[in-house]
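J.:
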Amino acid sequence: MAANSRCPAAEDPPGLETQRREVECLLRDCELRAGDSWFMVEHRWYEQWKEFVESGDQNSTCPGQIDNGELFEDVDSYHLKERLVENEDFVLVPAEAWHKLLSWYGIVDQQPPLERKVVDLPSTLKVEVYPVELFLCLHGNMENVTTAHFSRTDSIQSIQSAMCRAFSLPSTCECRLWMKSSDNNCERLRNVHVSVLDACLSSGMTVIMETRNADGTWPSTRPLILRNSPEEQDSYRGQPGVCGLTNLGNTCFMNSALQCLSNTPPLTEYFLQSSYLEELNFSNPLGMKGEIAEAYADVIKQMWSGHHYSVVPRVFKTKVGHFASQFLGYQQHDSQELLSFLLDGLHEDLNRVKNKEYIELRDAEGRPDQEVAEEAWRNHRRRNDSVIVDTFHGLFKSTLICPQCRKVSVTFDPFCYLSIPLPVSKERVMEVFFISLDPYAKPMQHRVVVAKAGKVSDLCSALSQSTGVPETQMVVADVFKHRFYKIYTPDESLNCILDRDDIFVYQCDVQSEQQTLVALYLRERSHYRDYGSVSTALFGHPLLLSVPRGSCTQEALYPIFLERLARYVRVPKASEELEEDDDQDELYKSQTTNGVSDDDEQEDAERAGCSQSGARSPDGSANGRQRDPAVPSEGHARAPPPPEEGDVHNACAGVAKPPCSGDAGPNDGHIHARGEESRTEVGEEENEEEEEEEEAGPAPLRDAAAHDDDDDDKREEACSPSAPANQSAAKTRACRRKKRLFDIQAVNCNGLEREMGPDMTLSSQPYVALDWDAETKKRFYNENEAEKYMKHGSMDVPLQQSTVQLQECIQLFTTVETLEEENPWYCPVCKKHQLATKKLDLWSLPEVLIIHLKRFSYTKFTREKLDTIVDFPLRDLDFSGCLLRKTTSDGEPPSRYDLIAVSNHYGGLRDGHYTSYARNKDSAQWYYFDDSKVTYATEEQIMTNAAYVLFYHRQDKMRKPRVAAPPTSSPAAAAASQTDVAAVTLPCASALAELTMETD
């Protein structure tokens, strides 16, 4: 630059004094304001300019064109040097001063102006000399990185627009940005309206842009959302919206609610058109920071892309559980409860009101309803304005009357859905099994009608009318897993008995002080010789019977119990031996020491007598014969192994049991006779097969059996009353033990052994178990006969399914009711809480009306699910007779609705399954959604007693179908209605075969 040449200028500059005065005035008067632009000027050039204008000599040294070359680290990239200091390396001038200098002197060719923004940092305003330098790239091409500078006041939306320009993407494409820091952690930039400073973006970070796929998924979450491979999804083309939802584990309630909302046209189109992006509310303290709305939008766009036949809503489930802890985990929940949470969450996430003002509610105070209703709706919209309010919110009129001062309070309250009650019957039908005193009578199943608020005595009274048995002889019990879950008293309420409970009513003798009621369990013993232990398992049906208090010994109880089991327990013949494993018997006695037994001293004496009189042969046999146990003699079976030396009990047990006269009770012969007559065909066939096998068996076995009969005769003589005196009492006891099919054991209510003291008797222990060996049970216990039962004529009478009209439920909803004590109303006149009467009326209805049928009834005394069929219309549901608002500015308000979706619940209170029917908005075809399976449905299938939540769309807002619905009258369509819809829409047979093999 020539020192004495005239300064080149874009225009004729004013005088030097004028230049100095104008620039100094701008520098002195201009204040920092957030968002204003200031420019950097190289300090050396600016000082030369000041000397030039202060000299006042046009011929003095001119600074020439503005040259900021000393501020750049690289003149090619014009990257600013680090750590530049203001007033030493550069000066800052306001935009107006910069433009004057630029017009007077110009700038060196190709040098960019160094414009900087004023940013409002915490507690200070500052010119941003060093903007944020970011690296930009696309998700699908992470290697193609470009660099850009952004001010800390720039919004994330400006970064998104810059990236669309840099990568030649249309500005209308749906995309989302991720922030990647130096430690490779990625965080979603959800709110595009916040600034770079608020988003915590700093220099050196990478911003990644991903665009939504054609199938509605995002590239970063595709592996978590799709059920099958990308190749299969890309080849699938189906009807948009006809898409299942995978059950993640008891999430059918969520799938049912999502399918109903997915087929709500105004809400679905709102999300499909991405209108929600401009209305996401990230600052609402009542919202979920937009996360619920975005997760729901992702599910809807996938379901309506037409590229999936099933979507896995795992991300949506995680978001719901994060913001509503009651939905965490995989427990079963209520679809209406999820629907309520979801609508409220979407409303708060999409609320157009950023700052809610406080509004004091006013009572009507005699004003006209029209005026009060408009004021209430206007106040509601001042705080709540979203697509949910536009679509689902209506207005109630609530009237409260104080019972004391007759004060009338009228308010208008918004609602999102109607929860209408169902008429509740005061009676219930119960199915019970009656067990007669006759041991040969099969259980009889009865169906009786009782009052819901009745007692157990009412059940016995109703059953007494059909059985003829006095109700005083009945005991009601709940049987669960072969034991008594509960034995009811006559004064207990029937509310504690659920429909799914197995209720048995036992006929018992009239209770008196001389008798006690005994609960009888059946158990099977399993021996574990290697571990030295015995385990028992309950089987069969328990029994209740009365026994004399004076007969609480094994000797007295055994024939009583045997007679009670006579229908399905076969008493062994005199020629049949009950083979027992002596070691197992000794092991059982050592492990279970708390059973019901005879006097301990008597048993010890008998064992001592057995040890003294039992003459033992060298082979250990009880009959004194000497034989090699390894080589059976001709005509004899192999002798049992010798017991260990000193095992007195085993030596006594080895004696076969003769039919001792003292072993059976007084009715022993009657039991044998009735027992033989009551055997079932199955038991007779088994016995005949056993007899045939014995007849056709090898000769040595037949001879052995004959020899055993001879020995039985000898042992019978030994056990007879005229037997020699040297026969021990222990042999007699062993004979009696040998004849028993089961052992009697005292247990607790769960069928487990109970600790008993030495003085504990059966009179204070009402639970007894009959322990069977597996082999004995197999031979003498007829399981088929034990499980048989008969049905009373009342079971053949079909139950009348009650039906109620939907309009009746709505009328019941609008009837006057009295507030409960837990929810009183504060009367402003009486100055205290009152149980006022309340009446709800419908003032205005929304575009989409959700009707919740209150099938689950909960009170302080009852819990039940109502299976009443609600007759709801599919078309022309008219509310004109229910609406109080008769006129609007446009005339009569529209009040006719058509059904568009139904959420179904199958099952009872404790568990169940949710499905849904829905009408596709594009084809008007009805579909049945059962988790991931979707089938065609007809209008005749929709109304069932499982209908739980109904979705109605107002007729004036409904649009005509865009595509033709598939024909449903043809045989092909009828067959397709029973198969997966996705199979009908697949383009090729190979894909069809692959799809129909998939199960839920």
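Taking this note's numbering, the leading residue of the sequence shown gets 151, the next gets one more, and so forth.
Glycine included, each C-beta is placed from N, C-alpha and C at the ideal position.
Please read all numbers here as calculations on a predicted model, not as lab measurements.
1. Classify P164: buried if its beta carbon has 16 or more other beta carbons within 10 angstroms, exposed otherwise.
2. Could you spell out where the alpha helix (DSSP H) holding L707 opens and where it closes?
3. According to DSSP, simplified to helix, strand and coil, what is F1029?
4. Determine, for L613, whether the minimum Cβ-Cβ distance to residues of chain C falls below 9 Å.
5. For Q704 and M594, what's the separation of their Cα atoms in angstroms?
6. Can you check DSSP and say which residues form a bridge with A443?
7. Start and end of the alpha helix (DSSP H) containing F689?
8. May I have a chain-ordered list of the alpha helix (DSSP H) segments no shorter than 4 residues that lie completely inside the region 444-482?
9. Which residues does DSSP pair with Q895 in a beta bridge?
10. For L568, which three-state DSSP category applies?
11. So does the region 415-434 actually touch the region 531-542, counting three or more Cβ pairs closer than 8 Å?
12. Rounded to the nearest angstrom, what separates V449 and G456 at their Cα positions?
13. For Y1086, count neighbouring C-beta atoms within 10 Å of its own C-beta (all shown protein chains included) and say buried if the count is 16 or more, exposed if not.
14. Between L1100, E232, H1055, N898, which lies nearest to C566 when the distance is taken from Cα to Cα?
15. Pick helix, strand or coil for S701, following the three-state DSSP scheme.
16. Starting from W195, follow the alpha helix (DSSP H) in both directions and report where the run begins and ends.
17. Of all the options F202, N434, S406, A443, which has the alpha carbon lying nearest to the alpha carbon of S424?
18. From V947 to Y1098, what distance separates their C-alpha atoms?
19. For Q961, does the three-state DSSP call read helix, strand or coil?
20. By a C-beta neighbour count over all protein chains shown, 10 Å radius and 16 as the cutoff for buried, is R883 buried or exposed?
21. Kindly indicate which three-state DSSP category S761 falls into: helix, strand or coil?
22. May I ask you to verify whether the region 247-254 touches the region 224-236, counting CB pairs closer than 8 Å and requiring at least 3?
23. With three or more beta-carbon pairs closer than 8 Å as the criterion, would you say the region 333-352 touches the region 303-310?
24. Between L920 and I894, what straight-line distance do the alpha-carbon atoms span, to the nearest angstrom?
25. How long is the line joining the alpha carbons of D207 and M292, rounded to whole angstroms?
26. Identify the continuous alpha helix (DSSP H) that holds H497 and give its terminal residues.
27. Sort R578, C552, C959 by Cα distance to P978 and report the nearest one.
28. Given this structure, state the Cα-to-Cα distance separating Q664 from S696, to the nearest angstrom.
29. Return the first residue and the last residue of the alpha helix (DSSP H) that T541 is part of.
30. How big is the Cα-Cα spacing for E197 and E278?
31. Go to N335, then tell me how far its beta strand (DSSP E) extends in each direction, as first and last residue.
32. Pull the bridge partners of L1003 from the DSSP assignment, please.
33. Evaluate M940 with the Cβ neighbour count: other Cβ atoms within 10 Å of its Cβ, from every protein chain shown; 16 or more gives buried, anything less gives exposed.
34. Hey, how far is the Cα of L572 from the Cα of F1029?
35. If we count the other Cβ atoms within 10 Å of its Cβ and call it buried at 16 or more, is C410 buried or exposed?
36. In whole angstroms, what is the alpha-carbon distance linking V598 and F583?
T.: So, from the listed chains and residues:
1. The residue given as residue 164 occupies position 14 in the sequence shown. Exposed, because fewer than 16 other Cβ atoms sit within 10 Å of the Cβ of P164.
2. Taking the sequence shown and counting its residues from 1, one reaches residue 707 at position 557. 704-714 is the span of the alpha helix (DSSP H), which, as asked, contains L707.
3. Position 879 of the sequence shown holds residue 1029. Reduced to three states, the DSSP call for F1029 is coil.
4. Within the model displayed, chain C is absent; a lone protein chain is all it includes.
5. Working through the sequence shown from its first residue, we reach residue 704 at position 554. Working through the sequence shown from its first residue, we reach residue 594 at position 444. Each residue's alpha carbon lies about 30 Å from the other.
6. Position 293 of the sequence shown, counted from the first residue, corresponds to residue 443. The partner list for A443 (beta bridge, DSSP) is empty, contrary to what the question assumes.
7. Here residue 689 corresponds to residue number 539 of the sequence shown, with the count starting at 1. Note, F689: premise wrong, no alpha helix (DSSP H); beta strand (DSSP E) at 683-698.
8. 464-473
9. The sequence position of residue 895 within the sequence shown is 745, counting from 1. Its beta-bridge partners are A919.
10. Numbered from 1 along the sequence shown, position 418 holds the residue referred to as residue 568. Residue state, collapsed to three classes: strand.
11. yes
12. Stepping through the sequence shown from its first residue, residue 449 is reached at position 299. Stepping through the sequence shown from its first residue, residue 456 is reached at position 306. Answer to the nearest angstrom: the Cα atoms are 12 Å apart.
13. Along the sequence shown, read from residue 1 onward, the residue named residue 1086 stands at position 936. Classification for Y1086: buried.
14. Walking along the sequence shown from the start, residue 566 turns up at place 416. Of the candidates L1100, E232, H1055, N898, the one whose C-alpha sits nearest the C-alpha of C566 is L1100.
15. Indexing the sequence shown from 1 puts residue 701 at position 551. If DSSP states are grouped into helix, strand and coil, S701 belongs with the helices.
16. Here residue 195 is taken as the residue at index 45 of the sequence shown, counted from 1. 193-205 is the span of the alpha helix (DSSP H), which, as asked, contains W195.
17. Counting from one through the sequence shown, the residue named residue 424 turns up at place 274. The shortest C-alpha separation from S424 is found at A443.
18. In the sequence shown, counting from the first residue as 1, residue 947 sits at position 797. In the sequence shown, counting from the first residue as 1, residue 1098 sits at position 948. C-alpha separation (whole angstroms): 28 Å.
19. One-based indexing of the sequence shown puts residue 961 at position 811. Reduced to three states, the DSSP call for Q961 is helix.
20. To locate residue 883, count along the sequence shown from 1; it is residue 733. With a pLDDT of 47 at R883, under the threshold of 50, the modelled position of that residue is not reliable, and no figure is offered here.
21. In the sequence shown, the residue the question calls residue 761 occupies position 611. Low per-residue confidence applies at S761: pLDDT is 36, beneath 50, and the placement is therefore not dependable, though the value from the model is reported in the following sentence. Helix, per DSSP.
22. no
23. yes
24. Position 770 of the sequence shown, counted from the start, is the residue given in the question as residue 920. Position 744 of the sequence shown, counted from the start, is the residue given in the question as residue 894. Cα to Cα, the separation comes out at about 5 Å.
25. One-based indexing of the sequence shown puts residue 207 at position 57. One-based indexing of the sequence shown puts residue 292 at position 142. In a straight line, the C-alpha of D207 is about 59 Å away from that of M292.
26. Locating residue 497 in the sequence shown gives position 347, counting from the first residue. Residues 485-499.
27. Along the sequence shown, read from residue 1 onward, the residue named residue 978 stands at position 828. Of the listed residues, the one whose Cα sits closest to P978 is C552.
28. On the sequence shown, residue 664 is found 514 positions in, with the first residue counted as 1. On the sequence shown, residue 696 is found 546 positions in, with the first residue counted as 1. If you take the alpha carbons of Q664 and S696, they lie about 10 Å apart.
29. Locating residue 541 in the sequence shown gives position 391, counting from the first residue. It spans 537-542 - the alpha helix (DSSP H) in which T541 sits, taken as one unbroken run.
30. Sequence index remark: in the sequence shown, residue 197 carries index 47 (1-based). Sequence index remark: in the sequence shown, residue 278 carries index 128 (1-based). Whole-angstrom Cα-Cα distance: 22 Å.
31. Walking along the sequence shown from the start, residue 335 turns up at place 185. Unbroken run through N335: none, as it is neither H nor E.
32. As a first step, residue 1003 must be located in the sequence shown, where it is residue number 853. Note: L1003 sits in a beta bridge opposite I570.
33. Position 790 of the sequence shown, counting from 1, holds the residue named residue 940. It counts as exposed.
34. Taking the first residue of the sequence shown as position 1, residue 572 is located at position 422. Taking the first residue of the sequence shown as position 1, residue 1029 is located at position 879. Each residue's alpha carbon lies about 18 Å from the other.
35. Taking the sequence shown and counting its residues from 1, one reaches residue 410 at position 260. Buried.
36. Here the question's residue 598 lines up with position 448 in the sequence shown. Here the question's residue 583 lines up with position 433 in the sequence shown. Their Cα atoms are separated by approximately 11 Å.
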